[in-house]
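A.B. asks:
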């Protein structure tokens, strides 16, 4: 194996092209093709999120539209619409895993916020005198979601500065420091998850108006073809997913005691959740 020489490339697009999506895309793709012929993929990043993409032929990039303040990152270079100088950056495998951990948590928060939005809309229906679901059942199904959102929003805010700088130890330390908070918010959610899911399913089946309300939300673009039940199970899946990502990160930094400690602690949260669920009589 030999190290591929890093390429330094600045792409300067006239500002007026920002107002012409087609021309803008043509100009950018023209430049991208030059450096993407031997690249296996790229990361499209905005100030709020980043998405891993696998690229086949370079022309496949034409399926993506790039806007102001977005940047295209290959394993060799960074292309940017930002008029500020572009910083050359080569992402290591550990950085890619760290980025995946960060962006999947951002996506996870977005999913939980959809649940919280449905909760608020159901409560608004009650305030208008058009109760679709009793207040007690709304609380049972959705009431334990906001604390999880708060914990993960703090975590991603603290992890974000370390993602592109490759400071995996500092990023993982955020998870370690969050042990108590994770245990505090996940145990109550898991204790009532099965009952909450069953309650929603029964109400959906028996109440035509609630059924129509739920279907309307699930058909919205924001839900991305997910059902409410799909979103409700996400907190049950998130911690095991974090463990998988941490173990992948550990493969590229086997001597890191911080990563090992984080794996042990997150796994401990999962086991504590299982224990408390059994103690509360949840099957």
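Residue numbers (the UniProt record's numbering): 1 to 283. By construction, the Cβ of each residue, glycine as well, lies at the ideal position given by its N, Cα and C atoms.
To the nearest angstrom, report how far apart residue 119 and residue 195 are at their CA atoms.
C.D. replies: Locating residue 119 in the chain shown gives position 119, where the first residue counts as 1. Locating residue 195 in the chain shown gives position 195, where the first residue counts as 1. Taking the straight line from one Cα to the other gives about 17 Å.
A.B. asks: Provide the residue span of the alpha helix (DSSP H) that contains residue 223, from first to last.
C.D. replies: The count along the chain shown starts at 1 and reaches residue 223 at position 223. No alpha helix (DSSP H) holds residue 223; DSSP gives it neither H nor E.
A.B. asks: Measuring only the C-alpha atoms, how far is residue 77 from residue 179?
C.D. replies: For this step, residue 77 is matched to residue 77 along the chain shown. For this step, residue 179 is matched to residue 179 along the chain shown. At residue 77 the pLDDT is 36, less than 50, meaning the model places this residue with poor confidence and gives no usable figure here.
A.B. asks: How should residue 224 be labelled, buried or exposed, when 16 other C-beta atoms within 10 angstroms of its C-beta is the threshold for buried?
C.D. replies: In the chain shown, residue 224 corresponds to position 224, counting from 1. Classification for residue 224: exposed.
A.B. asks: Under the assumption that residue 191 contacts residue 276 (Cβ atoms under 8 Å), give the Cβ distance between them as a whole number of angstroms.
C.D. replies: Start at 1 with the first residue of the chain shown, and residue 191 comes out as number 191. Start at 1 with the first residue of the chain shown, and residue 276 comes out as number 276. 6 Å between Cβ atoms; contact.
A.B. asks: Please decide whether residue 228 counts as near chain C, where near means a Cβ-Cβ distance under 8 Å.
C.D. replies: Among the chains in the structure shown there is no chain C, since it carries only a single protein chain.
A.B. asks: I need the boundaries of the alpha helix (DSSP H) containing residue 152, first residue and last residue.
C.D. replies: One-based indexing of the chain shown puts residue 152 at position 152. Residue 152 -> alpha helix (DSSP H) spans 145-163.
A.B. asks: With the cut-off set at 8 Å, would you say residue 145 and residue 116 are in Cβ contact?
C.D. replies: Residue mapping note: residue 145 aligns to position 145 of the chain shown, counting from 1. Residue mapping note: residue 116 aligns to position 116 of the chain shown, counting from 1. Their beta carbons are under 8 Å apart, which means residue 145 touches residue 116 by this criterion.
A.B. asks: For residue 184, report the span of its alpha helix (DSSP H) as first-last.
C.D. replies: Translated into the one-based positions of the chain shown, residue 184 becomes position 184. Per DSSP, residue 184 belongs to the alpha helix (DSSP H) from 179-206.
A.B. asks: Considering only the alpha carbon of each residue, which of 247, 101 and 130 lies closest to residue 164?
C.D. replies: Locating residue 164 in the chain shown gives position 164, counting from the first residue. Selected option, being the one with the closest Cα: 101.
A.B. asks: Residues in the same chain with beta-carbon distance under 8 Å from residue 234, minus the five sequence neighbours each way, listed in chain order, please.
C.D. replies: As a working mapping, residue 234 is identified with position 234 in the chain shown. Here the set comprises 108, 111 and 112.
A.B. asks: For residue 153, which of 244, 198, 181 and 143 has the nearest alpha-carbon?
C.D. replies: The residue you call residue 153 lines up with position 153 of the chain shown. Nearest of 244, 198, 181 and 143 to residue 153, Cα basis: 181.
A.B. asks: Would you kindly check if the distance between the Cβ of residue 147 and the Cβ of residue 185 is under 8 Å?
C.D. replies: Sequence index remark: in the chain shown, residue 185 carries index 185 (1-based). Sequence index remark: in the chain shown, residue 147 carries index 147 (1-based). Going by C-beta atoms, residue 185 is nearer than 8 Å to residue 147.
A.B. asks: Taking 7 Å as the cut-off, is the CB of residue 162 close to at least one heavy atom of the ligand FAD?
C.D. replies: What this structure holds is no ligand at all, so the ligand FAD is not there to describe.
A.B. asks: Using CA coordinates, which residue listed in 247, 253, 252 and 251 is at the minimum distance from residue 266?
C.D. replies: Taking the first residue of the chain shown as 1, we reach residue 266 at position 266. Comparing Cα-Cα distances from residue 266 to each of 247, 253, 252 and 251, the minimum goes to 247.
A.B. asks: According to the neighbour-count rule (16 or more other Cβ atoms, all chains shown, within 10 Å of its Cβ), is residue 238 buried or exposed?
C.D. replies: Translated into positions along the chain shown, residue 238 becomes position 238. Buried, since its Cβ has 16 or more Cβ neighbours within 10 Å.
A.B. asks: Please name the residue, chosen from 252, 271, 94 and 150, that lies closest to residue 105 on a Cα-to-Cα basis.
C.D. replies: Locating residue 105 in the chain shown gives position 105, where the first residue counts as 1. Taking only the C-alpha atoms, the option nearest residue 105 is 150.
A.B. asks: Less than 8 Å between C-beta atoms, sequence neighbours within five positions excluded: which residues of the same chain meet that for residue 241?
C.D. replies: Walking along the chain shown from the start, residue 241 turns up at place 241. If we look at residue 241 and ignore the five residues flanking it on each side, its Cβ neighbours are 104.
A.B. asks: Going straight from the alpha carbon of residue 142 to that of residue 125, what length do you get?
C.D. replies: Here residue 142 refers to the residue found at position 142 of the chain shown. Here residue 125 refers to the residue found at position 125 of the chain shown. The alpha-carbon atoms of residue 142 and residue 125 are separated by roughly 15 Å.
A.B. asks: Please state if the CB of residue 210 and the CB of residue 203 are separated by a distance shorter than 8 Å.
C.D. replies: Here residue 203 refers to the residue found at position 203 of the chain shown. Here residue 210 refers to the residue found at position 210 of the chain shown. Yes, they are a contact pair.
A.B. asks: DSSP on residue 253, reduced to helix/strand/coil?
C.D. replies: The residue labelled residue 253 in the question sits at position 253 within the chain shown. In this structure, residue 253 counts as coil in the three-state DSSP scheme.
A.B. asks: Suppose contacts are defined by Cβ-Cβ distances below 8 Å. Is residue 183 in contact with residue 245 by that definition?
C.D. replies: Counting from 1 along the chain shown, the entry for residue 183 is found at position 183. Counting from 1 along the chain shown, the entry for residue 245 is found at position 245. Not in contact: residue 183 and residue 245 (Cβ atoms no closer than 8 Å).
A.B. asks: Measuring alpha carbon to alpha carbon, tell me which residue in 132, 270, 259 and 168 is nearest residue 200.
C.D. replies: As a working mapping, residue 200 is identified with position 200 in the chain shown. For residue 200, the nearest C-alpha among the options comes from 132.
A.B. asks: Suppose you measure from the CA of residue 268 to the CA of residue 128; what does that come to, to the nearest Å?
C.D. replies: Taking the chain shown and counting its residues from 1, the one referred to as residue 268 is at position 268. Taking the chain shown and counting its residues from 1, the one referred to as residue 128 is at position 128. Residue 268 and residue 128 have their C-alpha atoms spaced approximately 44 Å apart.
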